[in-house]
Amino acid sequence: MAILSALLGCFMPSLVTSRVSNNDGIDLVVKVASPEKSKSKSKSSGSTIVYEGATSIDGRKPSIWDTFVTKYPEKISDHSTGNVADEFYYLYKEDIARMKNIGLDTFRISISWPRVLPQGKISGGVNWKGVNFYNSLINELLSNGVQPFVTIFHWDLPQALEDEYGGFLSPKIVDDYHDYADFCFQEFGDRVKYWITLNEPNLFSSRGYASGIYAPGRCSNYIGNCSRGNSATEPYLVTHHLILSHANAVKLYRDKYQTSQKGIVGITVQCRWQVPKFQTVSSRKAAFRALDFEFGWVVHPMTNGDYPKTMRCLVGNRLPNFTNEESILIKGTLDFVGLNYYTSLYADDATSYSSVFLSYTTDSHVNDTVEKNGIPIGELAGGNWLYMYPKGIRELVLYVKRKYSGLPIYITENGMADNNNNSLPIDEALDDDLRIKYHHLHLSYLLQAIKMGADVRGYSIWSLMDDFEWNWGYTLRFGLTYVDYKNGLTRYLKKSAFWFKNFLQMENATNDSSLLVSS
């Protein structure tokens, strides 16, 4: 999903303590400190598709998402596009001023590959207007005391590479991504200290190539909504090439840039906590299989050099192999992992599955549900999927701590949506107590994980503003800021924005070093 998220620093070392109370009577105490153990930082995330707009302006060429929303409008809930979005391309200075006013001091942006390299390759020419935009954006952030946290690839693959060789279905992408990453490190790395190579590669693969609900919209014809693709093989092939692309970019950065630029490099992974549906061995095993297929699919190779054994066993020869050289290359390529957590599911063993209609979505042999005995796992927020289960963030962080010991964690996305109701008066839409409750409870459980030894270095709210939410279009509102899409994209701070501002002011009042928070 689009990621312009407000990050609240929430770190392990006990430099600062703040207390915030909410109407539910729970006190939240957050201890904060920086990744360097000396200065607390908070940060935010952002994606070009959901915020920027200006998709055909100043030399930018189409991405696979531009093609997808035009070719398959029925796959977007309101048949909308990101052509305008929030017009962050034009209004970024206002939005940065708003971040600063709230107290956010790190901002996660993404570079639009087709905006800087319209044909996807250096040989196809550099669009310096696009490069200048990101230079201006980074400089504006820094001049306002906001640290840029930069994602290199957030799903907007240049359509030119998709047309030429099938994009991430081809091993050719590894070299082109390497050159693109090299260009980003060279042009922006003197000011960028935090890099994310890939945003949610597991979702890019599963939703783009297994279910077909994301660009480029590929899946097997028996899924029912795709004209091309193979849900049994393509998700694994795409992820394989994504992992190799990440590893080559990290090696490049460490060999060529890290000594002088002094940055760190990681990825973000979307993951739902899996709650065993029943107190049985089969349910518990199913929950861990689901985690392997969602989180371990990407992180296990980057920490151990190969896919999880459960995947090797269940997927068989449909799961690509790494050569010995590739295994050495990919292992140990994470300076940190970013967790994007929204909700949880009940997991149980799938007693039967089709060996004819194979798909990544069923290979784990897990039956995921949102209710047990007719009772939902949590309170439903916006959409039909976002059930509030704050305990899940604690359990997920502790799972990563146990299974991938020593891996620093940033919560790079956490948030809830309201359904967009165009008939609702704006003053009522700004009154978002449920969002305050959501973040309050998640921070409380995250603190418990930190007290239990989890190396959590930052917490990110999704998102600063309402935006174009991928296949949900504009039907969901995740922002701390309301965007009036009917009246010139005027921005209004929601009640939750003032809640966070108050929290951060209290935090800063007790902290000798600055707390960096952003959206």
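Mapping of the sequence shown onto mature numbering (1 follows the signal peptide of the UniProt record, and there is no 0): residues -18 to -1, 1 to 501, in sequence order. Virtual Cβ for every residue (Gly too), placed ideally from N, Cα, C.
- Taking 8 Å as the cut-off, the Cβ atoms of S187 and P217 count as close.
- Comparing C-alpha distances from L446 to each of L429, A436, Y474, N453 shows the shortest one belongs to Y474.
- By a beta-carbon distance limit of 8 Å, P130 contacts I91. Their separation comes to about 6 Å.
- Within the same chain, Cβ atoms closer than 6 Å to the Cβ of P55 are found at H61, the five residues on either side in sequence being excluded.
- Going by DSSP, E395 is part of no alpha helix (DSSP H) but of the beta strand (DSSP E) stretching over 391 to 395.
- With respect to the 8 Å criterion, R439 and A399 are not classified as neighbours on the basis of their beta carbons.
- S478 places its beta carbon less than 8 Å from that of I418.
- For G455, same chain residues with a beta-carbon under 6 Å away, outside a window of 5 residues either side, are I58, S59, D60, S62 in chain order.
- Under DSSP, W110 forms no beta bridge with any residue.
- Contact check for I312 against F318 fails: the beta carbons are separated by 8 Å or more.
- Under DSSP, Y328 forms a beta bridge with V257, T351.
- Residue pairing by DSSP places N401 opposite L458 in a beta bridge.
- Boundaries of the beta strand (DSSP E) around F131: 129 to 135.
- Each residue's CA atom was taken as its position, placing D48 and N355 some 42 Å apart.
- Here Y196 carries a coil assignment [DSSP, helix/strand/coil].
- The three-state secondary structure of W444, taken from DSSP, is strand.
- Here the region 95 to 110 makes no contact with the region 119 to 126; the two share fewer than three CB pairs at distances below 8 Å.
- Shown here for I225: same chain residues with a beta carbon closer than 8 Å to its own, the five before and five after excluded, namely P183, V280, P283, M284, I312 in chain order.
- By the beta-carbon neighbour count (other beta carbons within 10 angstroms, threshold 16), Q256 is buried.
- Counting only residues of its own chain and dropping the five nearest sequence neighbours on each side, R271 has a CB closer than 6 Å to the CB of T292, S346, V348.
- The continuous alpha helix (DSSP H) containing Y342 extends over residues 342 to 345.
- In this structure, V465 is the residue among V465, K383, G211, D87 with its C-alpha nearest to the C-alpha of V32.
- Within the DSSP secondary-structure output, N181 pairs in a beta bridge with T250.
- Residue pairing from DSSP leaves F277 without any beta-bridge partner.
- Between the region 205 to 212 and the region 257 to 270 there are fewer than three C-beta pairs closer than 8 Å, too few to call the two in contact.
- The shortest CA-to-CA distance from S265 to any of R173, I357, T333 is the one to T333.
- Taking C-beta atoms as the reference points, S94 and T30 count as a pair closer than 8 Å.
- Classified as buried, Y342 has 16 or more neighbouring CB atoms from the shown chains inside 10 Å of its CB.
- Counting the other Cβ atoms within 10 Å of the Cβ of K75 gives fewer than 16, which makes it exposed.
- Going by beta carbons, L380 and A431 fall inside the 8 Å limit.
- Relative to A436, the option among G171, F70, L321, Y116 whose CA is nearest is L321.
- By the 16-neighbour rule on beta-carbons within 10 angstroms, Y191 is buried.
- Between L423 and D68, the C-beta gap is not smaller than 8 Å, which leaves the two residues out of contact.
- A direct Cα-to-Cα measurement between D40 and N117 gives close to 15 Å.
- When C-alpha distances from S387 are compared across D449, I443, L316, the shortest belongs to L316.
- Secondary structure of F167 (DSSP, three-state): helix.
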